[in-house]
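Participant: Take this structure, written in structure tokens, and hold onto it; I'll ask about it next.
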Amino acid sequence: MAKQKKKSQRPKARLPKGFRDISAVEMAATRRMMDTIRAVYESYGFEALETPFIEYAECLGKFLPDEDRPNEGVFSFRDEDEQWLSLRYDLTAPLARHVAEHYDRLPKPFRSWRAGWVFRNEKPGPGRFRQFMQFDADTVGTASVLADAEVCMMAADTFERLGIPRGDYLLKINNRKILDGVLETIGQADEERRLTILRAIDKLDRLGPDAVRALLGEGRLDESGDFTRGAGLNPDQIAKVMAFVEAGLEGGGRADVIRRLEPLVGTSATGAEGIAELEEIAAFLDAVGYEEDRITFDPAVVRGLGYYTGPVFEAELTFPVTDEEGRTVRFGSVGGGGRYDDLVARFRGERVPATGFSVGVSRLLSALQHLGRTSREGEERPVVILVLDRERMADYWRMSEELRNAGIRAEVYMGTSGLKAQMKYADRRGAPLAIIEGEDERARGEVQIKDLIEGRRKAQAIASRQEWIEQRPAQVSVPRAQLVEAVREILAAQAADQNADPAAGQAAKAAANGQGEA
RNA sequence: GCAGCUGUAGCUCAGUUGGUUAGAGCACCAGAUUGUGGAUCUGGGGGUCGGUGGUUCGAGUCCACCCAGCUGUACCA
10 MAKQKKKSQR
20 PKARLPKGFR
30 DISAVEMAAT
40 RRMMDTIRAV
50 YESYGFEALE
60 TPFIEYAECL
70 GKFLPDEDRP
80 NEGVFSFRDE
90 DEQWLSLRYD
100 LTAPLARHVA
110 EHYDRLPKPF
120 RSWRAGWVFR
130 NEKPGPGRFR
140 QFMQFDADTV
150 GTASVLADAE
160 VCMMAADTFE
170 RLGIPRGDYL
180 LKINNRKILD
190 GVLETIGQAD
200 EERRLTILRA
210 IDKLDRLGPD
220 AVRALLGEGR
230 LDESGDFTRG
240 AGLNPDQIAK
250 VMAFVEAGLE
260 GGGRADVIRR
270 LEPLVGTSAT
280 GAEGIAELEE
290 IAAFLDAVGY
300 EEDRITFDPA
310 VVRGLGYYTG
320 PVFEAELTFP
330 VTDEEGRTVR
340 FGSVGGGGRY
350 DDLVARFRGE
360 RVPATGFSVG
370 VSRLLSALQH
380 LGRTSREGEE
390 RPVVILVLDR
400 ERMADYWRMS
410 EELRNAGIRA
420 EVYMGTSGLK
430 AQMKYADRRG
440 APLAIIEGED
450 ERARGEVQIK
460 DLIEGRRKAQ
470 AIASRQEWIE
480 QRPAQVSVPR
490 AQLVEAVREI
500 LAAQAADQNA
510 DPAAGQAAKA
520 AANGQGEA
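Right, here's the structure in full:
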């Protein structure tokens, strides 16, 4: 009885939903990807900046209206002095805080990149987590839309440097001011309705034009039978908004899209301003040779709501991909950004124009993996030195030292089990090879080196235990003095083999993944 | 948040009209094999049957409520 009680008090080992553990393999791939992004951003002149995970909630600007409590979407807690602290939910709000705080001594424009984890307290879904990594670059302190164009060019460069071919990604640019102009001409300027309209437009690529039309009007019934209330526009207004949204669907280049948008903003000054900005961006992109196959104009891009005040952009992967169950999935957006001229003004009163772009690191990484564009560099697993003779530990340590000094990852088995369990350990560890030195070998002045990858392959052909033991597949005996050299040779052969036969590499990777991933 | 579906071992699932101590396969651990990953054989660990309450002599099974997960949808700075 007491035992049962105790048992029920045991915590269940589990991760909070929306969070995950990250394996060594994924960390290595992430690190390589981020190195590439950083190299591109720095080549454009952006400086590194790191801000903490935690900020005062009020600095992130996410208090609920009329309430003394931060927004539900952010993880928040109270400091000992009763102030609300929040985990950052993006890298832009902390940047605005940093710029406002140190405005006087920063060079203007201030160009910085930041990378790291952000947190959102939202319902997780496939490919959506509550902790994920972003990689941002921003230019603060210039109102020129050339800064917007530059950041899009840089995003295009980044994707290509990461191995995504031109045509497999696309940057789409829009301008909030144009939609505002359209809404002005149809007499819908009030904020509440504007947000509903933005949300409806945002769903174009996911739900299609009919659904968007329904959401602009009365509302829409989804397939589970749930009803979403619409913006309540009349048919004439809906037609105008849809004409705007679909101006990008009819093909043609950036100039064609602009020409189709012009009549839709009517006499609105804001709309005209938006058009002029797009024209300036187009002229610049044409001049530096970033054509429509990389950067297009698409009025359906709205980027949620929030703080964007001018150009907005979204980066999309356009190639289809099949998931584990063989279904075709679209990766869709892997990054985005836009102009936020009011964000710093929250702190300073004075308007400080700014624009930036943010890459969704984790989504982009899984896209690259689907493309088979991730290299295996940095995935080497350690050689494992088995312990047959506990009195000779010093000998084994010396071996590991020699290997490490030669730049080879190596470890001495640290458990207390027998040889069989040690082999199993090395196998599961994903070790490329195991070193065996017992009494017999020592008497001969030799060590055995077992190629675990080759051995795994040969094992499939062996049926009987007898044969297995006698053959000792993929195992060689070399003089002790030649240990390092022999190990180096076998590792080189394995690497060559892996490059020639990707399937073998996959198998090794799968084995290596075994312990690290859920 | 709303709607639909699903909850039995780490995973995939079986479990009779309600009836002893809840099972299988895979996985895990150990031995057979003083010193060799795989295969084979033997043994072992692991379950609050999602939870609580109810009906009953008796509930994994029937009823009610709750919870969790999945999918869609809403929100998403």
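Residue numbers (our numbering): 10 to 527.
All residues carry an ideal CB built from backbone N, CA and C; glycine is no exception.
(1) Give me the Cα-Cα distance between A240 and Y317, rounded to the nearest whole angstrom.
(2) Please return the same chain residues whose Cβ sits closer than 7 Å to the Cβ of R489, not counting the five positions on each side in sequence.
(3) Check each candidate in E255, T276 and G347 and name the one with the smallest Cα separation from A309.
(4) Can you check whether the CB of R185 is closer than 8 Å to the CB of V321?
(5) Please confirm whether V156 and L180 have their CB atoms less than 8 Å apart.
(6) Report the residue from T167, R208 and T276 whose alpha carbon sits nearest the alpha carbon of D187.
(7) Determine whether the beta carbon atoms of I394 and I458 lie at a separation below 8 Å.
(8) When you compare the region 113-127 with the region 44-61, are there three or more beta-carbon pairs, one atom per stretch, that lie closer than 8 Å?
(9) Looking at T148 and A363, is the spacing between their C-beta atoms short of 8 Å?
(10) Under 8 Å by Cβ, that's how I've got I210 and V311 pegged, so tell me the actual separation to the nearest angstrom.
(11) Spatial neighbours of L352 within its chain, please: C-beta separation below 6 Å, excluding the five flanking residues on both sides.
(12) Is it the case that the region 98-113 contacts the region 128-145, given that we only count it when at least three CB pairs across the two stretches are under 8 Å?
(13) Could you please give the first and the last residue of the uninterrupted beta strand (DSSP E) stretch that includes I63?
(14) Rounded to a whole number of angstroms, what is the C-alpha to C-alpha distance between Q13 and R23?
(15) Our contact map puts E301 next to R263 with C-beta atoms below 8 Å; I'd like the distance itself, whole angstroms only.
(16) Taking C-beta to C-beta, are I206 and L230 nearer than 8 Å?
(17) Tell me, please, which residues DSSP counts as bridged to R56.
(18) So, M42 versus L374, is the Cβ gap smaller than 8 Å?
(19) With distances taken from CA atoms, which of G347, V493 and R129 is nearest R413?
(20) If you run the structure through DSSP and keep just helix, strand and coil, what is L442?
(21) Alpha carbon to alpha carbon, how far is D135 from R29?
(22) Which whole-angstrom value is the C-beta distance of V3 and G280, which I expect to be below 8 Å?
(23) Excluding five sequence neighbours on each side, which residues of the same chain lie with their C-beta closer than 8 Å to the C-beta of G416?
(24) Helix, strand or coil: how does DSSP classify G523 here?
(25) Counting C-beta neighbours from all protein chains within 10 Å, is the total for Q507 16 or more, i.e. buried, or is it exposed?
(26) Nearest-angstrom Cα distance between F366 and F168?
(27) Does the distance from the C-beta atom of V392 to that of L442 stay below 8 Å?
(28) With K459 as the anchor, note down where its beta strand (DSSP E) starts and where it stops.
(29) In this structure, how does DSSP classify M36 when only helix, strand and coil are distinguished?
(30) Would you kindly work out how many angstroms separate the C-alpha atoms of R474 and A38, rounded to a whole number?
(31) Identify the continuous alpha helix (DSSP H) that holds M162 and give its terminal residues.
(32) Where does A220 sit, in a helix, a strand or coil, going by DSSP?
(33) Quick check on the burial criterion: 16 or more other C-beta atoms within 10 angstroms. Buried or exposed for P79?
(34) Can you grab the Cα-Cα spacing for the pair R114 / V108, in whole Å?
(35) So, are the CB atoms of F306 and G257 less than 8 Å apart?
(36) Taking DSSP's pairing of strands, which residues face G369 in a bridge?
Facilitator: Let me spell this out:
(1) In this model, A240 and Y317 are separated by some 21 Å (Cα to Cα).
(2) Answer for R489: G454, E455 and V456, listed in chain order.
(3) Considering only E255, T276 and G347, the residue with the shortest C-alpha distance to A309 is E255.
(4) It is a contact, given that the beta carbons lie within the stated cut-off.
(5) A small correction: the amino acid at residue 156 is Ala; Val does not occupy that position in the sequence shown. Going by C-beta atoms, A156 is not nearer than 8 Å to L180.
(6) Reading off the sequence, residue 187 comes out as Ile, not Asp. The option with the nearest alpha carbon to I187 is T276.
(7) Between I394 and I458, the gap from beta carbon to beta carbon reaches 8 Å or more.
(8) The region 113-127 is in contact with the region 44-61.
(9) The answer is yes: Cβ separation under 8 Å.
(10) Yes, they are in contact, since the Cβ atoms of I210 and V311 sit about 5 Å apart, within 8 Å.
(11) A105 and Y316.
(12) At 8 Å Cβ cutoff, the stretches touch.
(13) Element bounds for I63: I63 to Y65.
(14) The pLDDT assigned to Q13 is 37, lower than 50, so where the model puts this residue is not dependable, and the model offers no usable value.
(15) Yes, E301 and R263 are in contact; Cβ-Cβ is about 6 Å, under 8 Å.
(16) Their beta carbons are not under 8 Å apart, which means I206 does not touch L230 by this criterion.
(17) This sequence places Glu at residue 56; Arg is not what is there. By DSSP's assignment, E56 forms a beta bridge with S121.
(18) Closer than 8 Å, so yes.
(19) Ranking G347, V493 and R129 by Cα distance to R413 puts V493 first.
(20) Strand, per DSSP.
(21) In the sequence as displayed, the identity of residue 135 is Pro instead of Asp. If you draw a straight line from the Cα of P135 to the Cα of R29, it is about 13 Å long.
(22) Beyond the ends of the chain as shown, which are 10 and 527, falls residue 3; an answer cannot be given.
(23) Answer for G416: no residue qualifies.
(24) Only weak support is given to the placement of G523: the predicted model assigns it a pLDDT of 33, under 50, and the value that follows is read from those uncertain coordinates. Reduced to three states, the DSSP call for G523 is coil.
(25) Counting Cβ neighbours within 10 Å, Q507 comes out buried, since at least 16 surround it.
(26) Pairing F366 with F168, the inter-Cα distance amounts to about 13 Å.
(27) Contact: yes.
(28) In this chain, the beta strand (DSSP E) harbouring K459 covers E455 to D460.
(29) It is helical.
(30) Distance between the alpha carbons of R474 and A38 is about 39 Å.
(31) For M162, the uninterrupted alpha helix (DSSP H) segment begins and ends at L155 to R170.
(32) It is helical.
(33) Around the beta-carbon of P79, 16 or more other beta-carbon atoms lie within 10 Å, marking it buried.
(34) Roughly 9 Å between the two C-alpha positions.
(35) Against a cut-off of 8 Å, the Cβ pair of G257 and F306 comes out as a contact.
(36) DSSP, once it has assigned bridges, lists Q143 as partnering G369.
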